[in-house]
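A.B. asks:
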């Protein structure tokens, strides 16, 4: 959806359904493992069993990135969060365990959550990330975010 001063990139229901189907498959695999006496199957049942509600939330709730003149908001289905353009240095496409995501490189002046961002960067190589759950490819979403940031960032 595009309005004059707002752009909304909608979440993909198809990607949410894919998450659900993959999780159900791994839960089923875990059940088979447990039925054959393999205790590790419980780990798959619990972990992927918890992924199913996340996929359902993404499938039935409106997920989006909304960009406006002051910043952007990400809603993954539960707790929307927002950053101002001045909080971000730039966006880029990165990978975490092979999955493409939109990486967030924060500005030097943004201090919120700095210790957690350092831990995240150490573990994943990214200070912050937006999951690949939108109708557009991560590279296109990233391009939109960088253009909007450039267009709406005040220069001194």
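Numbering (our numbering), first residue to last: 101 to 256. Every residue, glycine too, gets a C-beta built ideally from N, C-alpha and C.
Between which two residues does the beta strand (DSSP E) containing residue 108 stretch?
C.D. replies: It spans 107-110 - the beta strand (DSSP E) in which residue 108 sits, taken as one unbroken run.
A.B. asks: Mapping DSSP to helix, strand and coil, what is residue 171?
C.D. replies: Note: residue 171 maps to strand in three-state DSSP.
A.B. asks: Going straight from the alpha carbon of residue 134 to that of residue 117, what length do you get?
C.D. replies: Approximately 26 Å, taken between the alpha carbons.
A.B. asks: Give the straight-line distance between the Cα atoms of residue 180 and residue 208, rounded to the nearest whole angstrom.
C.D. replies: For residue 180 and residue 208, the distance between alpha carbons rounds to 24 Å.
A.B. asks: Could you pull out every residue in the same chain whose Cβ sits closer than 7 Å to the Cβ of residue 246, ignoring the five residues on either side in sequence?
C.D. replies: Result list for residue 246: 190, 191, in chain order.
A.B. asks: If I measure Cβ to Cβ from residue 105 and keep anything under 7 Å in the same chain, skipping five residues before and after, which residues do I get?
C.D. replies: For residue 105, where only same-chain residues beyond five positions count, the Cβ hits under 7 Å are 168, 169.
A.B. asks: So what does DSSP say about residue 232, is it helix, strand or coil?
C.D. replies: Here residue 232 sits in coil by DSSP.
A.B. asks: Could you please give the first and the last residue of the uninterrupted alpha helix (DSSP H) stretch that includes residue 113?
C.D. replies: Segment 113-135, the alpha helix (DSSP H) holding residue 113.
A.B. asks: Comparing C-alpha positions only, which one of 114, 236, 162, 124 sits nearest to residue 202?
C.D. replies: For the residues 114, 236, 162, 124, the minimum Cα distance to residue 202 belongs to 236.
A.B. asks: Please list, in chain order, all residues of the same chain as residue 173 whose beta carbon is under 6 Å from its beta carbon, the five residues on each side excluded.
C.D. replies: Cβ within range, chain order: 166, 180, 182.
A.B. asks: Since residue 194 is in the beta strand (DSSP E), which residue starts that stretch and which ends it?
C.D. replies: Here the beta strand (DSSP E) through residue 194 covers 188-196.
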